[in-house]
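In terms of the working numbering, the sequence shown opens at residue 24 and continues consecutively.
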Amino acid sequence: MNIDRLHQLFLNSSGISTDTRKIRKDSIFFALKGENFNANEFAAEALEKGALYAVIDEDLPNEDKRLLQVEDSLKALQQLASFHRKHLGLPILALTGSNGKTTTKELFNAVLSKRYRTVATTGNLNNHIGVPITLLSMNEKTEIGIVEMGANHQKEIEFLCSLAMPDYGYITNFGKAHLEGFGSVEGVIKGKKELYDHLKEHKKLLFLNLDDPLQKEETSYPHVFSFGSSEKADVTLKYFREDSYAGIEVEGAKICGKLTGAYNGTNMAAAYTVGTYFEIPSLEITAAIKEYSPQNNRSQIILKNNRRIILDAYNANPSSMAAALENLSGMDGSPKIAILGDMFELGPEAKKEHQQLLDDYSTSPVDKVYAIGSNFSQTETTSQKIKKFESFEAFRAWFQPSEFNAGTILIKGSRGMALERVMELI
Numbered sequence: 024m025n026i027d028r029l030h031q032l033f034l035n036s037s038g039i040s041t042d043t044r045k046i047r048k049d050s051i052f053f054a055l056k057g058e059n060f061n062a063n064e065f066a067a068e069a070l071e072k073g074a075l076y077a078v079i080d081e082d083l084p085n086e087d088k089r090l091l092q093v094e095d096s097l098k099a100l101q102q103l104a105s106f107h108r109k110h111l112g113l114p115i116l117a118l119t120g121s122n123g124k125t126t127t128k129e130l131f132n133a134v135l136s137k138r139y140r141t142v143a144t145t146g147n148l149n150n151h152i153g154v155p156i157t158l159l160s161m162n163e164k165t166e167i168g169i170v171e172m173g174a175n176h177q178k179e180i181e182f183l184c185s186l187a188m189p190d191y192g193y194i195t196n197f198g199k200a201h202l203e204g205f206g207s208v209e210g211v212i213k214g215k216k217e218l219y220d221h222l223k224e225h226k227k228l229l230f231l232n233l234d235d236p237l238q239k240e241e242t243s244y245p246h247v248f249s250f251g252s253s254e255k256a257d258v259t260l261k262y263f264r265e266d267s268y269a270g271i272e273v274e275g276a277k278i279c280g281k282l283t284g285a286y287n288g289t290n291m292a293a294a295y296t297v298g299t300y301f302e303i304p305s306l307e308i309t310a311a312i313k314e315y316s317p318q319n320n321r322s323q324i325i326l327k328n329n330r331r332i333i334l335d336a337y338n339a340n341p342s343s344m345a346a347a348l349e350n351l352s353g354m355d356g357s358p359k360i361a362i363l364g365d366m367f368e369l370g371p372e373a374k375k376e377h378q379q380l381l382d383d384y385s386t387s388p389v390d391k392v393y394a395i396g397s398n399f400s401q402t403e404t405t406s407q408k409i410k411k412f413e414s415f416e417a418f419r420a421w422f423q424p425s426e427f428n429a430g431t432i433l434i435k436g437s438r439g440m441a442l443e444r445v446m447e448l449i
């Protein structure tokens, strides 16, 4: 089946489905494959549950004409998304980076939706499947699309850009994330910069943080809109902290939202800059930033039983972990307690990075560190403030409420550690 015909069917459907547990009535089901599943086996079930058509890539005994066979279902999904993006022709803002992508994406959406009809990546659907699904969720009414792009190896951002064809782009930062796939920090930088490479090749616009020395290198490119502490920036601003929260000051006006950590100040500044470029009044930009409240275990501040808890357990890497601990160290009040989980996808660097983190904070203003996971348990330390546990189950079995009955508590670890479970204990 050619993509033009598939696109016509798509335009007359209710959208895309890839999971038979969540079939949308009158949608087109794409039978995707993974290491542990083959959705071709559920194509008939998808039709029974209300799908208009099912796109398959294997011969099936069922001769239902609603089964649309292609060579590769995933490639068909990606090609359909690219075709649809060209069909709509709307402006696309893409973003990537080692840390803060999802929060920044949500801030962009909060600001831009003040004046435009926007569609943004849902959750973290930012990979080779998620980006096509995001593009296919846009329609003729969409005025700006916001696409988050994640990557754990070279050429992945390049491929996602070939699908989304962004008109604008922003990289949050370059850090020690996915070292197992990228090989090194230099590999991370090269991989993330594939977004800027694509934009420059097509003479599109870069949003740049001039306080980031790596991004500052891009200012020789003529299509740039920047922010930072320099007067040379298109949006000049300052950063500050108000109690537990990050803030930015622009033209004498202070904006403080509901996000903690200096890194979130940068995310807020990027959102302010994007809003300024798209000519949204400053009062509306300010309101959007102040109204935004983090969810899904990302930099959430929770007050519970005389404790101030920073729940930042969605993900972690050495760069984001160090930033979160630095933020905790600088906060008022005591005791300051860190409950940390293993950082994943670090490859051969895992042992060194976990050891380095504990070494750095053995003499910091943080009063107690509880390090959980097999990587942390293999570190060596003589610090009395650090207690190690091989697993969350071991931490749960040891847990003593009296150790956590006051103060500020940071909870942070990689997604696989699911450290939000600590909230059940305290």
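Every residue gets a Cβ at the ideal spot worked out from N, C-alpha and C, and that includes glycine.
All of these numbers come straight from a predicted model, not from anything done at the bench.
Contacting residues, own chain, Cβ-Cβ under 8 Å from residue i (five flanking each side not counted)
{"i": "residue 443", "result": "320, 334, 336 and 434"}
{"i": "residue 281", "result": "268, 313, 315, 316, 317 and 324"}
Sub-8 Å separation of residue i and residue j beta-carbons
{"i": "residue 271", "j": "residue 300", "result": "no"}
{"i": "residue 278", "j": "residue 313", "result": "yes"}
{"i": "residue 406", "j": "residue 352", "result": "no"}
{"i": "residue 422", "j": "residue 363", "result": "no"}
{"i": "residue 256", "j": "residue 233", "result": "yes"}
{"i": "residue 391", "j": "residue 358", "result": "yes"}
{"i": "residue 219", "j": "residue 254", "result": "no"}
{"i": "residue 140", "j": "residue 171", "result": "no"}
{"i": "residue 73", "j": "residue 290", "result": "no"}
{"i": "residue 29", "j": "residue 99", "result": "yes"}
{"i": "residue 389", "j": "residue 345", "result": "no"}
{"i": "residue 262", "j": "residue 298", "result": "no"}
{"i": "residue 53", "j": "residue 41", "result": "yes"}
{"i": "residue 354", "j": "residue 404", "result": "no"}
Alpha-carbon to alpha-carbon, residue j and residue i
{"i": "residue 136", "j": "residue 56", "result": "35 Å"}
{"i": "residue 13", "j": "residue 112", "result": "Since the first and last residues shown for the chain are 24 and 449, residue 13 lies out of range."}
{"i": "residue 125", "j": "residue 332", "result": "21 Å"}
{"i": "residue 441", "j": "residue 367", "result": "12 Å"}
{"i": "residue 424", "j": "residue 401", "result": "26 Å"}
{"i": "residue 46", "j": "residue 94", "result": "23 Å"}
{"i": "residue 51", "j": "residue 27", "result": "15 Å"}
{"i": "residue 177", "j": "residue 211", "result": "8 Å"}
{"i": "residue 108", "j": "residue 49", "result": "21 Å"}
{"i": "residue 199", "j": "residue 372", "result": "10 Å"}
{"i": "residue 168", "j": "residue 39", "result": "17 Å"}
{"i": "residue 75", "j": "residue 63", "result": "15 Å"}
{"i": "residue 163", "j": "residue 266", "result": "44 Å"}
{"i": "residue 130", "j": "residue 322", "result": "13 Å"}
{"i": "residue 106", "j": "residue 224", "result": "20 Å"}
{"i": "residue 138", "j": "residue 59", "result": "44 Å"}
{"i": "residue 248", "j": "residue 84", "result": "56 Å"}
{"i": "residue 35", "j": "residue 61", "result": "26 Å"}
{"i": "residue 148", "j": "residue 311", "result": "23 Å"}
{"i": "residue 305", "j": "residue 378", "result": "45 Å"}
{"i": "residue 25", "j": "residue 207", "result": "41 Å"}
{"i": "residue 276", "j": "residue 350", "result": "23 Å"}
{"i": "residue 258", "j": "residue 273", "result": "8 Å"}
{"i": "residue 161", "j": "residue 411", "result": "47 Å"}
Contacts around residue i, its chain only, beta-carbon distance under 7 Å, and the 5 residues preceding and following it disregarded
{"i": "residue 347", "result": "284, 335, 433 and 435"}
{"i": "residue 246", "result": "226, 227, 228 and 229"}
{"i": "residue 37", "result": "47, 48, 49 and 50"}
{"i": "residue 32", "result": "51 and 76"}
{"i": "residue 239", "result": "233"}
{"i": "residue 286", "result": "122, 123 and 346"}
{"i": "residue 264", "result": "270"}
8 Å contact criterion, which residue i and residue j should meet: CB distance rounded
{"i": "residue 397", "j": "residue 413", "result": "6 Å"}
{"i": "residue 174", "j": "residue 330", "result": "Contact flag wrong, Cβ pair sits at about 36 Å."}
{"i": "residue 79", "j": "residue 91", "result": "7 Å"}
{"i": "residue 418", "j": "residue 393", "result": "7 Å"}
{"i": "residue 308", "j": "residue 134", "result": "5 Å"}
{"i": "residue 179", "j": "residue 214", "result": "7 Å"}
{"i": "residue 250", "j": "residue 237", "result": "That belief does not hold up - the Cβ atoms of residue 250 and residue 237 are roughly 15 Å apart, past 8 Å."}
{"i": "residue 448", "j": "residue 409", "result": "The pair is not a contact, with the Cβ atoms about 19 Å apart (cut-off 8 Å)."}
{"i": "residue 415", "j": "residue 395", "result": "6 Å"}
{"i": "residue 143", "j": "residue 150", "result": "Between residue 150 and residue 143 the Cβ distance is about 16 Å, and since that is not below 8 Å, they are no contact."}
Residues near residue i by beta carbon distance below 6 Å, same chain, minus five either side
{"i": "residue 104", "result": "155, 158, 159 and 186"}
{"i": "residue 339", "result": "366, 435, 436 and 437"}
{"i": "residue 11", "result": "Since the first residue of the chain shown is 24 and the last is 449, residue 11 is not available in this structure."}
{"i": "residue 217", "result": "180 and 181"}
Flag this pair as touching only if the stretch 227-239 and the stretch 143-156 have three or more C-beta atom pairs under 8 Å; answer yes or no. Cβ pair count under 8 Å is below three, so no.
Does the pairing of the stretch 191-198 with the stretch 58-78 give three or more beta-carbon distances under 8 Å? Result no; under three Cβ-Cβ pairs closer than 8 Å.
May I ask you to verify whether the stretch 171-188 touches the stretch 116-123, counting CB pairs closer than 8 Å and requiring at least 3? The stretch 171-188 vs the stretch 116-123: in contact.
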